[in-house]
Structures are given as C-alpha cells and as structure tokens.
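Peer 1: Sharing a structure, written as structure tokens. Questions coming.
Number of protein chains: 2
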Amino acid sequence: MPQTPQLDATDRKIIRALQRNGRMTNLDLAQEVNLSPSPCLRRLRALEKNGAIKGYSVEVDAKAYGLPVTVMVRVSLDGHDEATVQRFESQIKAIPEVLECFVMSGLSDYLLRVVVGDLEDYERFVRARLHPIGGIGSIDTSFVYGVVKRSQVYPDISG
Amino acid sequence: MPQTPQLDATDRKIIRALQRNGRMTNLDLAQEVNLSPSPCLRRLRALEKNGAIKGYSVEVDAKAYGLPVTVMVRVSLDGHDEATVQRFESQIKAIPEVLECFVMSGLSDYLLRVVVGDLEDYERFVRARLHPIGGIGSIDTSFVYGVVKRSQVYPDISG
DNA sequence: CGAGGATTTGGCATATCATGCCCCAAACAC
DNA sequence: GTGTTTGGGGCATGATATGCCAAATCCTCG
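The listed protein sequences correspond, in order, to chains A and B.
If you use the numbering used here, the first sequence closes out at 159, no skipped numbers anywhere.
If you use the numbering used here, the second sequence closes out at 1159, no skipped numbers anywhere.
Here it is, written out as structure tokens:
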C-alpha cells in the first residue's frame, strides 16, 4: 500500500508547512508553497492517498490533560520465538497508556513511551499491564524530567 | 502562560477526537462529543488559547519523505554546570535532525530522537552537529528497526 | 425552597473555504 | 511538427467556520 511515488520539493514543502500547522487552510498552504489553491489541494489529496501523509493530529499539553508523568521504558524479552514476540507486540498495541513502542537495536529489544498520572499509576501499569504479558526478561525505567525540544517538522532535504 | 483551568470530560473527549483526526470538521467534532457546533467551537478555541492544545500537525511516513533512519541517542554531559547545560540545550534545539530531546532520569542525561537518510548521515550528524557542542561525556546510539505502535491518542481518564 | 447571577448552550446569518469541473501551458515521444 | 501526457490556474457551487443573540442550566445565597 505505501507506494514510493518519489516526492518532489513542493510535496516536501507542503508536508513541512502542515507539520508546522496541520489545520492550515488550503489557501494559506497554497500561498506558502507558491501554488494556486487547485493544484495544491490536488497534491495534498495525492499525498494522503498514497500514504505519505498518514493522518492529522493535535499536540496536547499532557500535564493540562491530566497525564503529567511520561516514562521511557526499555524492555527485553527472555525469548525471541515467534509466539513470545507476537504476544508481546499485540498486547502492547492494546495498552492505551503506551503511546509508542519501537523495536530497537542495542541492549534492549523495545523502547516504550508511556504516559500516566503519577508514580503510583506507573507501578500499577508495570504490575497489571506489562508483567502479565509474560516472556519479559528485563524492564528498565527512565522518567522524563523535562522536554528540551519537541518538533514535528522534518528537516529540509532539498540539498 | 499555561494555566490549569481544569479540563472536564467533554474537553478531553474533544482532545481525543482531534488526536485521532486533527482535521476533523467542527460539525463532526460537535456530533462526536454530543454538543452543537457553537459551544464545541468555543471550547476548542478556549483549549487553544489556554495552551492545552499546543498546535496541530500531520503524521508523515518518514521513509516516503526521504528520512528512513530513526535513531534514539542517549547523551550524558561530562559536567552539569549552568553554562554546559545551557549550551547543550540551546544548540540541540537548533539542529533540525533532532526532532525530540528529553531530560531523563537514569544513567544518561538526555534522550534524543533523530531522523536521517542513512547511516552515513548519522555519522556526519554525530561528528558535525553533536560533538562540536562540547561538554558531552558519552553518546549511546540505538537504531529503530521498526514501529510496533505509534499513537497520538491519550488514554481516557474519566474513571 | 426559590430568586439572582453567572456560565454554558443552541440557533441563525454571513463570510470564508473546499471541491469538482473545464481549460490552458509545458514537457515529452515519435 | 503533431499528438500525448502531466501539472497548473480559474471559476461556480456547496459545505464550513464564525460571531451575535436568545434560551437553558448550574450555583449560590437569601
């Protein structure tokens, strides 16, 4: 499904503009990429259709929402047979507190980003959500004390 | 500036709906949260104004864009005096390849998410962008082999 | 229990915007 | 040079956002 129709510089400009402001009007977007509204909207729809644009979202202050604690969790499995891996990954996808889960190189198999209300919630999360999955060899927890940078905008790779 | 006007359940429903689809129409949004369009839009504007909603963005396929390699980098500084920390953080913010930078608990001081075109680009990034900052004690690189989950939607904390 | 005020909601008119259609210009093949 | 393909521009129409005013709800205090 995700074709690779090779994006050109204008497509990437559209993407970066929308990464800065995803609710930007097509008229403003067209102006920013030096196109008239019609072809601009056509390109946008094409990017959505071929999968380059996967969706739109809103950036929310986690603390204001009521989830002030973000945790990065490194997880290693104690076995890597198909069944263990499949069970872990499908279970992880179903846990709402887990916003992201990456397969990693290095010492641990997975890196999770988890949001919770407080430390107690995190302990509950580990006990009630993670451990019951089974097959987990080690869990290494790091708390996020602060955010230095958080950008949605990809670098310009025109050069 | 980021007040804490205590969001209610409807505000959180608005947020979760927009996290699923950030370009959702106000009419559809109103229907989804059982409100008429007017008060729904007013709540939305209030959330934007008080900082609960920090902005809107688009989710882009990094590979389709031309940045197939994502790297998680753990960085420790060799000193923690004000000057070293300030220089590191302000420099990091200026590097376009660094999409995220968190201050962490645990063995390393920072966790960076970096996107590049290939391994060679990453080596250039470390040599030309990271090391010149100075004051860096250790760099621990982990490559992202795959994405198991990537959600923008916060858990429902009504209960 | 009821009245006042404050807050939130709903409905409506208008301006703005998205969308689909048709035409035009440039690049390309033969 | 001609036919073909690809991408851009303009316009009319339908959908949407926005601001204003009235009505309902909630809270508090008498």
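Beta carbons: idealized from backbone N, C-alpha and C, even for Gly.
Residue range of the alpha helix (DSSP H) that A:Thr25 falls in?
Peer 2: In the first sequence, the residue the question calls residue 25 of chain A occupies position 25. That residue, A:Thr25, is in no alpha helix (DSSP H); it is neither H nor E in DSSP.
Peer 1: At which residues does the alpha helix (DSSP H) containing A:Val103 begin and terminate?
Peer 2: Taking the first residue of the first sequence as 1, we reach residue 103 of chain A at position 103. Unbroken run through A:Val103 is the beta strand (DSSP E), 98 to 104; no alpha helix (DSSP H).
Peer 1: Determine, using beta carbons only, whether B:Tyr1154 and A:Val60 come nearer to each other than 9 Å.
Peer 2: If you number the second sequence from 1, residue 1154 of chain B lands on position 154. If you number the first sequence from 1, residue 60 of chain A lands on position 60. Their beta carbons are under 9 Å apart, which means B:Tyr1154 touches A:Val60 by this criterion.
Peer 1: Can you confirm whether A:Gln31, when its beta carbon is compared against all beta carbons of chain B, has any partner nearer than 9 Å?
Peer 2: The residue given as residue 31 of chain A occupies position 31 in the first sequence. No, A:Gln31 lies away from the interface with chain B (no Cβ there is under 9 Å from its Cβ).
Peer 1: Quick check on A:Arg150 - is its C-beta less than 9 Å from some C-beta in chain B?
Peer 2: Translated into the one-based positions of the first sequence, residue 150 of chain A becomes position 150. Judged by the 9 Å Cβ criterion, A:Arg150 is in contact with chain B.
Peer 1: Determine the direct distance from the alpha carbon of B:Gly1134 to that of B:Gly1079, and round the result to whole angstroms.
Peer 2: Numbered from its first residue, the second sequence carries residue 1079 of chain B at position 79. Numbered from its first residue, the second sequence carries residue 1134 of chain B at position 134. Straight-line Cα distance between these residues: approximately 10 Å.
Peer 1: Given that B:Ile1092 touches chain A, what residues does it touch there, using C-beta distances under 9 Å?
Peer 2: For the purposes of this step, residue 1092 of chain B is taken as residue 92 along the second sequence, with counting starting at 1. Val148, Lys149, listed in chain order.
Peer 1: For the segment 42 to 114 of chain A, list the beta strand (DSSP E) runs that are entirely contained and at least 3 residues long, ordered along the chain.
Peer 2: Entirely contained in the segment 42 to 114 of chain A, the beta strand (DSSP E) runs reaching 3 residues are, in chain order, 53 to 60, 69 to 77, 98 to 104.
Peer 1: In this structure, what does DSSP give as the bridge partners for A:Ile14?
Peer 2: For the purposes of this step, residue 14 of chain A is taken as the residue at position 14 of the first sequence. BP columns for A:Ile14 are empty, so no partner.
Peer 1: Is B:Pro1002 close to chain A? Criterion is C-beta to C-beta, closer than 9 Å.
Peer 2: In the second sequence, residue 1002 of chain B corresponds to position 2, counting from 1. Here B:Pro1002 scores only 49 on pLDDT, less than 50, and its place in the model should not be relied on; the value that follows carries that caveat. Yes, B:Pro1002 lies at the interface with chain A (some Cβ there is under 9 Å from its Cβ).
Peer 1: By a C-beta neighbour count over all protein chains shown, 10 Å radius and 16 as the cutoff for buried, is B:Arg1150 buried or exposed?
Peer 2: Taking the first residue of the second sequence as position 1, residue 1150 of chain B is located at position 150. Exposed, by the Cβ-count rule.
Peer 1: For A:Tyr122, does the three-state DSSP call read helix, strand or coil?
Peer 2: Translated into the one-based positions of the first sequence, residue 122 of chain A becomes position 122. Looking at A:Tyr122 - three-state DSSP - the assignment turns out to be helix.
Peer 1: Use the C-beta contact count for B:Ala1017: other C-beta atoms within 10 angstroms, 16 or more gives buried, fewer gives exposed.
Peer 2: Within the second sequence, residue 1017 of chain B is the residue found at index 17, counting from 1. Burial call: buried.
Peer 1: Are the segment 1059 to 1076 of chain B and the segment 50 to 58 of chain A touching by the rule of at least three beta carbon pairs closer than 8 Å?
Peer 2: Verdict: yes, contact present.
Peer 1: Three-state secondary structure (DSSP) at A:Ser138?
Peer 2: Sequence index remark: in the first sequence, residue 138 of chain A carries index 138 (1-based). Strand.
Peer 1: Mind reading off the beta-carbon distance from B:Val997 to A:Met104? Whole number of angstroms is fine, and I expect it under 8 Å.
Peer 2: The first residue shown for chain B is 1001 and the last is 1159, placing residue 997 of chain B beyond what the model contains.
Peer 1: Counting only C-beta atoms, is A:Ser138 closer than 9 Å to chain B at any point?
Peer 2: Taking the first residue of the first sequence as position 1, residue 138 of chain A is located at position 138. So no, A:Ser138 is outside the interface.
Peer 1: Please classify A:Thr168: is it buried, with 16 or more other beta-carbons within 10 angstroms of its beta-carbon, or exposed?
Peer 2: For residue 168 of chain A there is no data in the structure shown, the boundaries of chain A being 1 and 159.
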